[in-house]
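Peer 1: Residue numbers (this note's numbering): 315 to 1006.
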Amino acid sequence: MVVRLPNWLRRLAKRAPQQKQAKELSLPDLTSDLASVGLSFDRWYESLQGLGRLYVELSAETIEHLRSGHSDRISTTITAANHILAHQFDLLGSGKYTPIDPERAISSQGYRPIDWYLDPVSKLRFPQGIPHKEWNLFQMRPSQEADIKLPWELARCQHWVTLGQAYRLTNDDRYAWEIAHQLYDFREANPVGIGIHWTCTMDVALRALNWALAFSLIGQYQGLSTEFWQQGYEALFEHGVFIYGNLENNYEVTSNHFLSNVVGLYYLASVFRDLPQGSIWNQFCRDSLEQEIQVQVLDDGADYESSVPYHRLVTELFLGAARLARFRGEPLSEAYCDRLYKMVNFLVGVMRPDGLMPQVGDADDGRLHIFTDYGTWQPQDARHLLAPAAFLLNEPAWLQQAGVTGCWEAAWWGFEIGQLSPKDQPLPPLFKLFPQAGLAVMREGGHYLLVSNGVVGTKGFGNHKHNDQLSFEYHADGIPLLVDPGSYVYTSDFATRNLFRSTGYHNTLCIDQEEQNEMRPEWIFRLFETAYAESLDFRVTEQYGEYWGKHSGYQRLSHPVTHERRFRLEKASGALFILDRLSGTGKHQLVWHFHGAPGVEVTQVERGIYQLSAGNRQFHLRTPETLEGTISDAWYSPSYGVRLPCRAIDLSLNTELKGAESWFFAMAGEACFTQPQWEAQLTCIWQSMALG
């Protein structure tokens, strides 16, 4: 039996402010598009059933397999869905909060409208009713501390997919009805083109595709009337019209924003593929996808925005589009798939021994859709992509790193997983230079070194690049010891934003308190390239891997200096050796920074020797005795809006350069330092690295 919509929802539906605005602006709407091909909504919706327009339309057999073989994932999914029913969220470091709209009353059916405008951290609300083309964040936000990313993140509605999954797994109609309630709730509070949730087309596109997936997941539920479905698909169509009319491709360069526009619209094109607008969107999206994967992805497979976390997001976007195209029987080109294969290979290549991504550049935790552990997923963990990528691109090796949740994830991407149940496997050894990305990876068992020395990304725009030339991340015996600090926040705190991306907060050398690439405090999404990084050599022997690079960021000083740095990682012991070479003249202040991972205790043993303790293990950092050392408190940000305390070592020297001078550093486990021949070995290694 079909259940009629509650009266309060029917009243909201009849207002249809989006339809009125579309007619006033002569924009396409679903009714007119249907009429152009001689269809009513009822006839079109009837044809929609069972067509398989999106890959989440899992068979009953697959659902039963998930029920029988993935009880732990089902439990976490239902728990997450129940939190959503109670409007309890935890987004971008907010902590748990319940956004209650202060201006709209609870309905007679007990539904409490969501506050879509709340920043739960500052506890401030963004203004409503402003047309999107008139919006100015820095003039109109409620305070400098208010972070628009928090309400934006909620309004992406990626929690709808979790509700849809919970419905398919339990047949509990509360989850389907929650989607219906939130649809009308959102449309009442956010008419098309009005308010902050229409000011960034990326967010519009991600919301649209997640709505589309959610509608597919609850499409078998008979309790919602045609009236609801018409309202829902009209809302999707309006999103498509808005996206197509407000593409983020009018800047100096395209980025993950424009790509998100295209991918979101491509999902809508699949829903409306038999209608005129859907056909237009489909062709535009396919052409744009083929173009952007060549523009935004470097030859070595890295995203060109100089950020590993954003590489994960862009890989997810391109992968979702490729999966949808294959699902529709219209695969994208071989060149596209080859580039996508390189992207996944790059992601696996830079992974740390613990399976997490290293922090290089910015991170904002953006996702295409979330099928696993909504609300509790680890933003540094990109392994949810590996099983879908393995099935799509026919690379079984990636399943070995996909982890225990790999098949669960792949099933919701529409793949037939059979009885596969991959376990967590150690990452294979890898010593590789990604020359276009400017990243060198050395990974052997639990030993890991990642060196960053790349150009200012996004074709010199530097929107997500940090001043991390010749900086590094280092793990020994599976223990993270020295790490990149992350990025923390964006517009809500300019000073902290600039601190986390500054030269002095990375594991590198800062000269005269200058930035490697020019930073202007007010330009928080731009770097001006002055460092011009260069990789000079990368070699691998039976005993070690070695990287040698330089940059010219300090050539603009009144007394110019060139910084060269050579890294050597021993395969067996995990010992790390660093040789810094400066070429220049004049008086300078030199400061070396070593950023400890959270939980690493740092003490000075004696002048020139520091002990780092973690995991009941002790490691020593040996430094030149001429350097003055201080140990101070610092921050590490594992994800957007989150920062954890850590400790850092800063070593300083005021000196006058007279040509070329070198400084040598060594770091290893305590066993190495207690060997009788250690001092002699250090001297030999120093001389070997100095001679090249």
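Cβ coordinates follow ideal geometry from the N, Cα and C atoms, glycine included.
Beta strand (DSSP E) containing Trp862: first to last residue?
Peer 2: Residues Tyr858 to His865.
Peer 1: Is any heavy atom of the ligand SAH found at a distance shorter than 8 Å from the C-beta of Leu699?
Peer 2: As far as ligands go, the structure on display features none, and thus does not contain the ligand SAH.
Peer 1: When you compare only the Cα positions, how much space is there between Gly465 and Leu538?
Peer 2: The question names Gly, but residue 465 in the sequence shown is Pro. Between Pro465 and Leu538, the C-alpha separation is close to 28 Å.
Peer 1: Since Ser361 is in the alpha helix (DSSP H), which residue starts that stretch and which ends it?
Peer 2: First-last of the alpha helix (DSSP H) with Ser361: Phe355 to Leu362.
Peer 1: Give the range of the beta strand (DSSP E) segment to which Ala754 is assigned.
Peer 2: First-last of the beta strand (DSSP E) with Ala754: Leu753 to Glu758.
Peer 1: Tell me whether Cys1045 sits in a helix, a strand or coil according to DSSP, three-state version.
Peer 2: Given a span of 315 to 1006 for the chain in the structure shown, any question on residue 1045 remains unanswerable.
Peer 1: Starting from the Cα of Ile557, find the closest Cα among Leu795, Ile414, Ala394 and Ala519 and give me that residue.
Peer 2: Nearest option by C-alpha distance: Ala519.
Peer 1: Is the stretch 677–696 close to the stretch 644–657, with three or more CB pairs under 8 Å?
Peer 2: Result no; under three Cβ-Cβ pairs closer than 8 Å.
Peer 1: Entirely within the stretch 469–499 and at least 4 residues each: give me those alpha helix (DSSP H) ranges in chain order.
Peer 2: Fully enclosed alpha helix (DSSP H) runs of 4 or longer: 473–484.
Peer 1: Hey, Ala888 and Asp798: beta-carbon distance below 9 Å or not?
Peer 2: Note that residue 888 is Gly in the sequence shown, not Ala. Taking 9 Å as the Cβ cut-off, Gly888 and Asp798 do not qualify as a contacting pair.
Peer 1: Would you kindly work out how many angstroms separate the C-alpha atoms of Gly689 and Pro427, rounded to a whole number?
Peer 2: Those two C-alpha atoms are separated by around 20 Å.
Peer 1: Tyr802: which of Gly643, Ser927, Ala845 and Tyr819 sits nearest, CA to CA?
Peer 2: Ranking Gly643, Ser927, Ala845 and Tyr819 by Cα distance to Tyr802 puts Tyr819 first.
Peer 1: As a quick exercise: from Ser806, Asp517, Gly663 and Gly680, pick the residue whose alpha carbon is nearest that of Leu700.
Peer 2: Among Ser806, Asp517, Gly663 and Gly680, the Cα nearest to that of Leu700 is on Gly663.
Peer 1: Taking DSSP as the reference, what is the three-state secondary structure of Phe839?
Peer 2: Coil.
Peer 1: Beta-carbon within less than 7 Å of Ser647's beta-carbon, same chain only, minus the 5 sequence neighbours each way: which residues are those?
Peer 2: Taken in chain order, the residues that qualify are Glu604.
Peer 1: Name, in chain order, the residues that DSSP records as bridge partners for His873.
Peer 2: In the DSSP output, where bridge partners are listed per residue, His873 has none listed.
Peer 1: What's the call for Asp356, buried or exposed, on a 16-neighbour Cβ count within 10 Å?
Peer 2: Under this definition Asp356 is an exposed residue.
Peer 1: Taking its Cβ as the centre, do 16 or more other Cβ atoms sit within 10 Å of Glu828, making it buried, or is it exposed?
Peer 2: Its Cβ being crowded by 16 or more others within 10 Å, Glu828 is buried.
Peer 1: Have a look at Gln458, Gly752, Arg853 and Arg470 and flag the residue whose alpha-carbon is nearest the alpha-carbon of Phe403.
Peer 2: Residue Arg470 is the option with its Cα nearest to Phe403.
Peer 1: What's the C-alpha gap between Asn596 and Leu582?
Peer 2: The alpha-carbon atoms of Asn596 and Leu582 are separated by roughly 9 Å.
Peer 1: Between the beta-carbon of Gln260 and the beta-carbon of Trp474, is there less than 9 Å?
Peer 2: Absent from the model: residue 260. The displayed extent of the chain is 315 to 1006, so no value can be given.
Peer 1: Of the residues Phe705, Asp738, Asn708 and Glu709, which one's Cα is nearest the Cα of Thr719?
Peer 2: With distances taken between Cα atoms, Thr719 lies closest to Asp738.
Peer 1: Report the start-end ranges of each beta strand (DSSP E) in the stretch 718–797 that is 3 residues or longer and not cut off at the edges.
Peer 2: As far as the stretch 718–797 is concerned, its whole beta strand (DSSP E) runs of at least 3 residues are 744–748, 753–758, 761–766, 785–790 and 793–796.
Peer 1: Look at the Cβ atom of Ser966, then the Cβ atom of Gln903, and state whether they are nearer than 9 Å.
Peer 2: Yes. Within cutoff.
Peer 1: For Gly366 and His909, I'd like the C-alpha separation in whole angstroms.
Peer 2: Whole-angstrom Cα-Cα distance: 50 Å.
Peer 1: So, for Ala847: in the same chain, excluding its five sequence neighbours on each side, which residues have a beta-carbon less than 7 Å away from its beta-carbon?
Peer 2: Only Gly752, Asn767, Gly768, Val769, Gln783, Gly863 and His865 meet the Cβ criterion.
Peer 1: Report the option in Leu380, Phe586 and Thr969 whose CA atom is closest to the CA atom of Ser361.
Peer 2: With distances taken between Cα atoms, Ser361 lies closest to Phe586.
Peer 1: Using DSSP bridges, identify the partner residues of Gln903.
Peer 2: The partner list for Gln903 (beta bridge, DSSP) reads Asn968.
Peer 1: Is Gln423 helix, strand or coil when you go by DSSP?
Peer 2: In this structure, Gln423 counts as coil in the three-state DSSP scheme.
Peer 1: Going by DSSP, what residues sit across from Gln918 in a beta bridge?
Peer 2: Looking at the DSSP assignment, Gln918 forms a beta bridge with Tyr924.
Peer 1: How many whole angstroms separate the CB atoms of Gly867 and Ala886, which I take to be in contact at a CB cut-off of 8 Å?
Peer 2: Not quite, the Cβ-Cβ distance comes to about 35 Å (not below 8 Å), so this is no contact.
Peer 1: Under three-state DSSP, which class holds Gln715?
Peer 2: Looking at Gln715 - three-state DSSP - the assignment turns out to be helix.
Peer 1: Under DSSP, the beta strand (DSSP E) around Val537 begins and ends at which residues?
Peer 2: The sequence given here places Gly at residue 537; Val does not occur at that position. Neither: Gly537 is in no beta strand (DSSP E) and is coded neither H nor E.
Peer 1: What's the C-alpha gap between Pro672 and Pro952?
Peer 2: Roughly 10 Å between the two C-alpha positions.
Peer 1: From Pro990 to Leu996, what distance separates their C-alpha atoms?
Peer 2: Cα to Cα, the separation comes out at about 12 Å.
Peer 1: In whole angstroms, what separates the C-alpha of Cys998 from that of Thr937?
Peer 2: Each residue's alpha carbon lies about 16 Å from the other.
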